[in-house]
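Asker: In the numbering used here, the protein residues as written are 117 to 435.
Beta carbons: idealized from backbone N, C-alpha and C, even for Gly.
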Amino acid sequence: MKLRCAVLDDYQGVATSIVDWSPVTDRVELTSFPRHFGSEDELVDAVADFDIIVTLRERVAFPAAVFARLPRLRLLVASGMRNTVIDYAAARAHGVTVCGTASSSTPPVELTWALLLGLARGIVTENDALRTGGPWQSTLGADLAGRRLGLLGLGKIGALVARVGLAFGMDVVAWSPNLTEERAAEVGVRRAATKEELLRESDFVSVHLVLGDRSRGLLGKAEFASMKPRAYLVNTSRAAIVDQDALLAALAEGRIAGAAVDVFDVEPLPADHPLRTAPRLLATPHLGYVSGDTYRTFYGQAVEDIAAFLADSPVRVLG
């Protein structure tokens, strides 16, 4: 009898076709689920009879209570090599091996710039007007050359975003709690002395920090009040770094010119969530990692993880 493998959150319906699963299909029966399971009961009801689960990023939490309700589960494969919503100790206690995958070798920065440019040039507004017989030219674009781009975080992704900003002729500055002058100079940007300085003087602010105790709620009411009224915020990192109520208020009251986000506290975003109708907001459904190359890496290595587990030699073990 074949083992049963559930592939979660396969929104595009491509997980089982974008890579070759034949190395394991002689022993594994695949089932992909395009619908997100929003509660523990929904998840358990759907996958209680599966031996293997492939989960995408941190979409679905696996706390101790879930492992206790999935006695048949033996292997959990999570895309990426870092996952904050899996209880590794509980997995071990219930005899579940947890494996990860590599991420894309090139950190995704395209969506950050797609959102920033979309904000700056009113792309969505102008496209909608053109397609519906609306006004010809209704927005006034914001120039990039000579404007200041403030980066909260200068890691792998932040550094690549910085280099594109420099290519546009922008004045790029960066800040994070541990950023050094040497690191900023290495990337070719200036280190802001404080977060407050960066927010106060930047025309565009882009978030590229890892979510943690120090970064959670880093941008709140006071921070939005300190930004230029004509400034734009872009967040393709983690939603919780930005206080969502403060963001909604800043947009509704016109404290900033606009914001673009690709990440949300709850995903998928509920149909009645206020961010769906917030003014001055450009939003996408967490597309930063959604690309052919990234999926081929995630699911290709998921196949490798499953094959190695079946051979009693698990690889990329997490926790």
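(1) So V303 packs on S322, CB below 8 Å; how close in whole Å?
(2) Can you check DSSP and say which residues form a bridge with N351?
(3) Looking only at its chain, what residues have a beta carbon closer than 8 Å to the beta carbon of H75, apart from the 5 residues adjacent to it on each side?
(4) Where does A92 fall in DSSP's three states?
(5) What is the DSSP secondary structure of W291, reduced to helix, strand or coil?
(6) When the Cβ atoms of the stretch 396-410 are set against those of the stretch 422-433, are three or more pairs found closer than 8 Å?
(7) For T413, which option in F149, A194, V144 and D165 has the closest C-alpha, if you only look at C-alpha atoms?
(8) Hey, A375 and L363: beta-carbon distance below 8 Å or not?
(9) By Cβ distance below 6 Å, which residues in the same chain neighbour L335 in space, the five residues on each side in sequence not counted?
(10) Tell me which residues share the same chain as R299 and place their Cβ nearer than 7 Å to its Cβ, disregarding the 5 neighbours each side in the sequence.
(11) Between I372, E145 and R151, which has its C-alpha nearest D125's C-alpha?
(12) List the endpoints of the continuous alpha helix (DSSP H) containing A362.
(13) Exposed or buried, which one is D259 when buried takes at least 16 other CB atoms within 10 Å?
(14) Can you tell me the Cα-Cα spacing of A181 and L189, whole angstroms?
(15) Measuring alpha carbon to alpha carbon, tell me which of D157, R279, L314 and K272 ends up nearest A290.
(16) Roughly how many angstroms separate the alpha carbons of D136 and G416, rounded to a whole number?
(17) Expressed to the nearest angstrom, what Euclidean distance is found between the alpha-carbon atoms of A424 and T310?
(18) Enumerate, from N- to C-terminal direction, the unbroken alpha helix (DSSP H) stretches of 4 or more residues contained entirely within the stretch 131-159.
(19) Would you call V288 buried or exposed, if buried means 16 or more other Cβ atoms sit within 10 Å of its Cβ?
(20) State the Cα-Cα distance for the pair L226 and V212, rounded to the nearest angstrom.
(21) Check whether the Cβ atoms of R307 and M286 sit closer than 8 Å, and answer yes or no.
(22) Let's see if you can read the secondary structure: which residues bound the alpha helix (DSSP H) around A341?
(23) Check whether the Cβ atoms of A373 and P390 lie closer than 8 Å to each other.
(24) Quick one, which of A218, S133, D329 and T222 has its alpha-carbon nearest T147's?
(25) Restricting to Cα atoms, I'd like to know which of D244, L233, I168 and L256 is closest to V280.
(26) Taking K450 as the reference, which of G129, E369, A131 and E317 has the closest Cα?
Answerer: The short version:
(1) On the sequence shown, position 187 is the one that residue 303 refers to. On the sequence shown, position 206 is the one that residue 322 refers to. No, V303 and S322 are not in contact; Cβ-Cβ is about 14 Å, not under 8 Å.
(2) Taking the first residue of the sequence shown as 1, we reach residue 351 at position 235. N351 pairs with V323 and V377.
(3) Nothing about residue 75 can be reported from this structure: the residues present for the chain run from 117 to 435 only.
(4) For the chain, the structure presents residues 117 to 435; residue 92 sits outside this window and is missing.
(5) As a first step, residue 291 must be located in the sequence shown, where it is residue number 175. The answer is strand: DSSP assigns W291 an E or B state.
(6) The stretch 396-410 is not in contact with the stretch 422-433.
(7) Translated into positions along the sequence shown, residue 413 becomes position 297. Just measuring C-alpha positions, the residue of F149, A194, V144 and D165 sitting nearest T413 is A194.
(8) Numbered from 1 along the sequence shown, position 259 holds the residue referred to as residue 375. Numbered from 1 along the sequence shown, position 247 holds the residue referred to as residue 363. Yes, the pair counts as a contact, with Cβ atoms nearer than the cut-off.
(9) The residue given as residue 335 occupies position 219 in the sequence shown. Only V358 meet the Cβ criterion.
(10) By one-based count along the sequence shown, residue 299 stands at place 183. If we look at R299 and ignore the five residues flanking it on each side, its Cβ neighbours are L270.
(11) Start at 1 with the first residue of the sequence shown, and residue 125 comes out as number 9. Residue nearest to D125 within the set I372, E145 and R151 is R151 (criterion: CA-CA distance).
(12) Start at 1 with the first residue of the sequence shown, and residue 362 comes out as number 246. A362 -> alpha helix (DSSP H) spans Q360 to A368.
(13) To locate residue 259, count along the sequence shown from 1; it is residue 143. Counting Cβ neighbours within 10 Å, D259 comes out exposed, since fewer than 16 surround it.
(14) Taking the first residue of the sequence shown as position 1, residue 181 is located at position 65. Taking the first residue of the sequence shown as position 1, residue 189 is located at position 73. So the alpha carbons of these two residues sit roughly 13 Å apart.
(15) Sequence index remark: in the sequence shown, residue 290 carries index 174 (1-based). Here the closest residue by C-alpha is L314.
(16) Along the sequence shown, read from residue 1 onward, the residue named residue 136 stands at position 20. Along the sequence shown, read from residue 1 onward, the residue named residue 416 stands at position 300. Their Cα atoms are separated by approximately 7 Å.
(17) The sequence position of residue 424 within the sequence shown is 308, counting from 1. The sequence position of residue 310 within the sequence shown is 194, counting from 1. Distance between the alpha carbons of A424 and T310: 48 Å.
(18) For the stretch 131-159, whole alpha helix (DSSP H) runs of length 4 or above, ordered along the chain, are 138-141.
(19) Position 172 of the sequence shown holds residue 288. Residue burial is scored here from C-beta neighbours: V288 has at least 16 other C-beta atoms within 10 angstroms and is therefore classed as buried.
(20) Mapped onto the sequence shown, residue 226 falls at position 110. Mapped onto the sequence shown, residue 212 falls at position 96. The sequence given here has Glu at residue 226, not Leu. Computed Cα separation, rounded: 36 Å.
(21) Position 191 of the sequence shown holds residue 307. Position 170 of the sequence shown holds residue 286. Taking 8 Å as the cut-off, the beta carbon of R307 is found no closer than this to the beta carbon of M286.
(22) Position 225 of the sequence shown, counted from the first residue, corresponds to residue 341. First-last of the alpha helix (DSSP H) with A341: K337 to S342.
(23) Start at 1 with the first residue of the sequence shown, and residue 373 comes out as number 257. Start at 1 with the first residue of the sequence shown, and residue 390 comes out as number 274. Against a cut-off of 8 Å, the Cβ pair of P390 and A373 comes out as no contact.
(24) For the purposes of this step, residue 147 is identified with residue 31 of the sequence shown, where counting begins at 1. Among A218, S133, D329 and T222, the Cα nearest to that of T147 is on S133.
(25) The residue labelled residue 280 in the question sits at position 164 within the sequence shown. For V280, the closest alpha carbon among the candidates D244, L233, I168 and L256 is that of L233.
(26) A question about residue 450 goes unanswered here, because the residues of the chain that appear run from 117 up to 435.
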